[in-house]
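> Start counting the sequence shown at 298; every next residue gets the next number (the working numbering).
Even glycine gets a Cβ: it sits at the ideal position worked out from N, Cα and C.
Below you will find the structure I want to go over with you.
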Amino acid sequence: MQYDPIKRVLGDAFNKTPFLRRLFYNLLDLLLLRAWHVHKELRVWADGRKNKEQHILDAGSGFGQYTYWLSSQSSKWSILAVDVKEEQISDSNRFFRTIGRQNVLFKIADLVKFRQPESYDLILSVDVMEHILEDVEVFRNFQASLRPGGMLVISTPSDQGGSDVHGDDEASFIEEHVRDGYNIREIEDKLKLAGFSKVEARYSYGKPGQISWRLSMKYPLLMLNTSKIFFVVLPFYYLVTYPFSLLLNWMDVNGNHPTGTGLIVKAWK
């Protein structure tokens, strides 16, 4: 399934007013289990830093929802958000200027080439590395761009069924992915090869999260990929299914999973 056309439709629908864009971000935070996991890690990192100047890179910013969340935590934090999609960068800059978030800038950049030595205290990369073939080069750029003691946070599919692939004869649910998912040791080794001094990785999307993902993301996306008329049906669908997804998301974020279809990876310089 091609994900980008659906993302463009969603972006166009919710980009008409600042109110709709804020609503869109809040809905993503509620629906996307990865956002629950990422916010959990960011809250730990933010503890004791909200009154300090911090420089943050949102590497592969997409719609900008993580930059929106980070910029709401402290006006002292300076955030650069980069992506390869020009239309998303332009829309995001316009939106953030409209709502008065002066500590944010969006720029077009290719992560394979983007490097700003010792510039950032935190680099965030959510659902990006599965789209980039030259991953070690990107990891080296991240390591070089972090300040000493700085941290990298990655969310990406694992090889335990990430991208909804469960065997050699299956293809990724998302056609834009260049890899179906990382082996947990593989990504740890690649980050250490890139120069990171310490790496921690854990599984996300355990059994509760996998059920929630199907209810809250996979089935709605398949419906929308079939016909845009399902946009009318979606609110009623979520009215029925989301209470179950909410409970499943809470269980996933607060549980320890021996395996899972997602990975949350942290690495320090």
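By the DSSP assignment, the alpha helix (DSSP H) with ASP477 in it spans what residues?
Element bounds for ASP477: n/a, residue is neither H nor E.
> Go through its chain and collect everything with a Cβ distance to PRO315's Cβ below 8 Å, but skip five positions before and after it.
PHE392, THR395, ILE396
> Excluding the 5 residues preceding and the 5 following VAL450 in the sequence, name in chain order all residues of the same chain whose CB lies nearer than 6 Å to its CB.
Non-local beta-carbon contacts of VAL450 in its own chain, meaning distances under 6 Å to residues more than five positions away in sequence, involve GLU338, LEU421, LYS563 in chain order.
> Could you tell me the alpha carbon to alpha carbon distance between ASN522 and THR538, rounded to whole angstroms?
Distance from the CA of ASN522 to the CA of THR538, rounded to the nearest whole angstrom, comes to 19 Å.
> Write down the C-beta distance between THR364 and SER371 rounded to the nearest angstrom, noting that I regard them as a contact closer than 8 Å.
The pair is not a contact, with the Cβ atoms about 13 Å apart (cut-off 8 Å).
> Taking contact to mean 3 or more Cβ pairs, one atom from each stretch, closer than 8 Å, check whether the segment 488 to 506 and the segment 329 to 347 are in contact.
Three or more pairs of CB atoms, one per stretch, sit closer than 8 Å, so the segment 488 to 506 contacts the segment 329 to 347.
> Could you pull the DSSP bridge partners for TRP333 from this structure?
Answer is none; TRP333 lacks a bridge partner.
> Is it buried or exposed, ASN438, if we count other Cβ atoms within 10 angstroms and call 16 or more buried?
buried
> According to DSSP, simplified to helix, strand and coil, what is TYR502?
Assigned with DSSP and collapsed to three states, TYR502 falls in coil, not helix or strand.
> So, LYS566 versus MET426, is the Cβ gap smaller than 9 Å?
no
> Could you work out which residue in HIS352, LEU560, ASN312, ASP424 is closest to PRO414 when comparing CA atoms only?
HIS352
> Could you please give the first and the last residue of the uninterrupted beta strand (DSSP E) stretch that includes GLN351?
Looking at the DSSP string, the run of the beta strand (DSSP E) that includes GLN351 is 351 to 356.
> Note down the Cα distance separating TRP547 from SER509, rounded to an integer number of angstroms.
10 Å
> Does DSSP put PRO414 in a helix, in a strand, or in coil?
coil
> Can you say whether GLN399 is buried or exposed, counting buried as having 16 or more other CB atoms within 10 angstroms of its CB?
exposed
> Using a 10 Å radius around the Cβ and a threshold of 16 neighbouring Cβ atoms, would you call TYR417 buried or exposed?
buried
> Excluding the 5 residues flanking PHE436 on each side, which residues of the same chain have their C-beta closer than 7 Å to its C-beta?
LYS487, LEU488, ALA491
> To the nearest angstrom, report how far apart LEU518 and VAL401 are at their CA atoms.
Spanning the alpha carbons of LEU518 and VAL401 requires a straight line of approximately 30 Å.
> With a CB to CB cut of under 6 Å and the five nearest residues on each side skipped, what residues in its chain are close to GLY506?
Closer than 6 Å at the Cβ level, and outside the excluded window around GLY506, lie LEU330, ASP549.
> Between the alpha carbons of GLN457 and PRO555, how many angstroms are there, rounded?
11 Å
> Buried or exposed: where does VAL462 fall if 16 or more other Cβ atoms within 10 Å of its Cβ makes it buried?
Annotation note: pLDDT 46 at VAL462 (below 50); position unreliable, coordinate value reported separately. Around the CB of VAL462, 16 or more other CB atoms lie within 10 Å, so the residue is classed as buried.
> From the DSSP secondary-structure annotation, give me the bridge partner or partners of PHE403.
ALA378
> Can you give me the C-alpha to C-alpha distance between GLN440 and VAL530, rounded to a whole angstrom?
45 Å
> Any idea which residues DSSP pairs VAL530 with across the strands?
Bridge partners of VAL530: none, in fact.
> Run the CB neighbour count on ARG318, radius 10 Å, all protein chains shown included, and call it buried at 16 or more, exposed below.
buried
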